[in-house]
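Numbering (the working numbering), first residue to last: 14 to 477.
The structure appears right after this line, and notes come after that.
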Amino acid sequence: MIIYNTLTKKQEEIIPINAGIINMYTCGPTVYHYAHIGNLRTYISEDVLEKGLNFLGYKVNRVMNITDVGHLVGDGDSGEDKMLVASEREHKSAYEIADYYTKAFKDDCQKLNIKWPDTVSKATDNIEEYIKIITKLLETGYAYISAGNVYFDTTKFPNYYELSGRNADDLMVAVREDIKDDEAKKNPFDFGLWFTNSKFNNQEMQWDSPWGRGYPGWHIECSGIAMKYLGERLDIHCGAEDAIFPHHTNEIAQSESYLGHKWCNYWVHMGFLNDLNGKMSKSSGEFLTVSLLEEKGYDPLAYRYLCLNSYYHNSLTFSYDILDGAKNAYTKLLNKTKTLKDEGTLENYESYIDKFKDAINNDLNTSMMVTLVYDVLKDDNLSGKTKRYLINEFDKVLSLDLLKAQDNTIDLELKAYIEEKIALRNEAKQNKDYQLSDQIRDELLAKGIKLVDTREGTSFEIIK
Ligand code: AMP
Ligand code: ZN
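Structure follows, in structure tokens:
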């Protein structure tokens, strides 16, 4: 697969470290509030990337963190911890805030058909990992203690500016606001690895460490969690473009200084969702969440459809007009795909599968993937069966529920009956009684109910 690599500033063929398997790390949410649909655009793109790689035959090992401590209001180690701000806002403990918004994020992912990564780990569950890394960075001279905190010395890491491709003066102008107020640092871009009470004495989440009771910086958590679950070398690391500096730059500096070798080969960054004021954020303009879209009558998948029609790397400007356009197009598309008859023979599908693979290969060209759905629908040389087959295949990556029967259109009693049969079939499969499991599948098929097995489990389609 060809993808744009921020590190080399080129489109490159992904060559995995271990043949057939891709180690992928994606920065997770800071769970101090609901995710806005801009955050979720990034997770949709990462989801399509993972599913696209699966479609090409790779197994993807994906890990994501949940930031429940350490992310300060200013990325340059200034301001309070975002979790603390939220607990004051809502009069709850930081742990309650984290649990509540993690669950809300998971619900949003489900509504948008974003697969939950194989491993999701909370920053607060990996404190020993950060202590181990920081201890070595201090021993090898990459880190120093100042005013009770531990900082990474960015002047010790020669490739510090490689990922951002910007020089120090240029960056200094760009982040001037963020870096002004920590006099404990030796150099302006140095960043906190561990904070103690000397910095914030009202921090609720604290742990003992060799440097005093305190808590980790934000960047160290991603390095620690990625190394713990994926080992010393990563194939792909993703995030939105604002993570390039300082977050990913700092992740590289501390990880490579700790490991003594290159850490990650491909850095993939997603473009912003903008609103009319610029980058969408939680604090400016209307706070656009998935629930708000639902309240206004939009299917969350219409938003997914909207995102898939743009190139992940570019920014996308949101307006209700373009969402209405996406909603109309998506509804019309569903009207076509869901009424396709399972008729004729399965044939002539290979060239479409190849074209779909080409679209994935071509730096994740999702709008081309969507166009191929329309091409299949229009193609008079394809049977209904072939169209359904192809659309079902494409939907493994697009995840737009293009063929899935809508629950509200089927009788509840019938639904309960099918679910009971699926459970019996799962049991038969577990007991390796494949004769019985096939028999159940065929009985249902004879009644016009087709079972669809996916990695997430078995679903069904009513086909007549
Ligand atoms: P946060 O929960 O603030 O840590 O952000 C979660 C993810 O969303 C990070 O990868 C951010 O870089 C990304 N992000 C934040 N704002 C936007 C936006 N307007 N558009 C796309 N991604 C964003
Ligand atoms: Zn991260």
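All C-beta atoms, glycine included, are put in the ideal place defined by N, C-alpha and C.
This one's a predicted model, so the numbers in the text were calculated from it and none came from an experiment.
| Query | Result |
| --- | --- |
| Limits of the unbroken alpha helix (DSSP H) element including residue 232 | 231-243 |
| Residue 462 - DSSP class collapsed to helix/strand/coil | strand |
| Same chain only: Cβ atoms within 6 Å of residue 58, ignoring 5 sequence neighbours per side | 283, 325 |
| Pairwise C-alpha distance: residue 47 and residue 296 | 12 Å |
| Span separating the alpha-carbon of residue 266 from that of residue 246 | 14 Å |
| Cβ pair residue 36, residue 25 closer than 7 Å | no |
| Contact check, residue 68 vs residue 410, beta carbons under 7 Å | yes |
| Residue 42 Cβ short of 6 Å to the ligand AMP heavy atom set | yes |
| Residue 91 in three-state terms, based on DSSP | strand |
| Distance cut-off 6 Å: residue 292 Cβ against heavy atoms of the ligand AMP | yes |
| Check: residue 251 C-beta below 6 Å from any heavy atom of the ligand ZN | no |
| Whole runs of the beta strand (DSSP E) within the stretch 80-128, excluding any shorter than 3 residues | 85-87, 91-94 |
| Residue 235 Cβ short of 6 Å to the ligand ZN heavy atom set | yes |
| Buried versus exposed call for residue 171 [16 or more other C-beta atoms within 10 Å across all chains shown] | exposed |
| Exposure of residue 178, with buried meaning 16 or more beta-carbon neighbours within 10 Å | exposed |
| Cβ neighbours of residue 204 in the same chain (closer than 7 Å, five flanking residues each side left out) | 90, 164, 165, 230, 232, 259, 263 |
| Presumed contact (8 Å Cβ cut-off) between residue 413 and residue 318, rounded CB distance | 6 Å |
| Through-space distance from residue 114 to residue 55, alpha-carbon basis | 17 Å |
| Nearest-angstrom beta carbon gap, residue 368 and residue 346 [assumed within contact, 8 Å] | Not really, about 18 Å apart at Cβ, beyond 8 Å. |
| Whole-angstrom distance between residue 331 and residue 111, CA atom to CA atom | 28 Å |
| Nearest neighbour of residue 124, chosen from 314, 432, 429 [CA to CA] | 314 |
| Best match in 470, 403, 208 for proximity to residue 222 [C-alpha to C-alpha] | 208 |
| Buried versus exposed, by CB contacts within 10 Å (16 or more), residue 373 | buried |
| Inter-residue Cα distance where the pair is residue 355 and residue 453 | 20 Å |
| Residue 421 in three-state terms, based on DSSP | Here the model assigns residue 421 a pLDDT of 47, short of 50, so the residue's position is not dependable, and the following value carries that caveat. Reduced to three states, the DSSP call for residue 421 is helix. |
| Residue range of the alpha helix (DSSP H) that includes residue 219 | It is not in any alpha helix (DSSP H) - residue 219 carries neither H nor E in the DSSP assignment. |
| Cross-strand partners of residue 276 (DSSP beta bridge) | None, per the DSSP bridge assignment. |
| Supposed close pair residue 96, residue 82 - CB separation, criterion 8 Å | 6 Å |
| Beta-bridge partners of residue 250, as assigned by DSSP | 38, 280 |
| Host beta strand (DSSP E) of residue 133 (start-end) | 132-135 |
| Distance between residue 436 and residue 242 (C-alpha atoms, nearest Å) | 32 Å |
| Cβ distance (whole Å) where residue 122 is taken to contact residue 256 below 8 Å | Rounded, the Cβ-Cβ distance is 19 Å, inconsistent with contact. |
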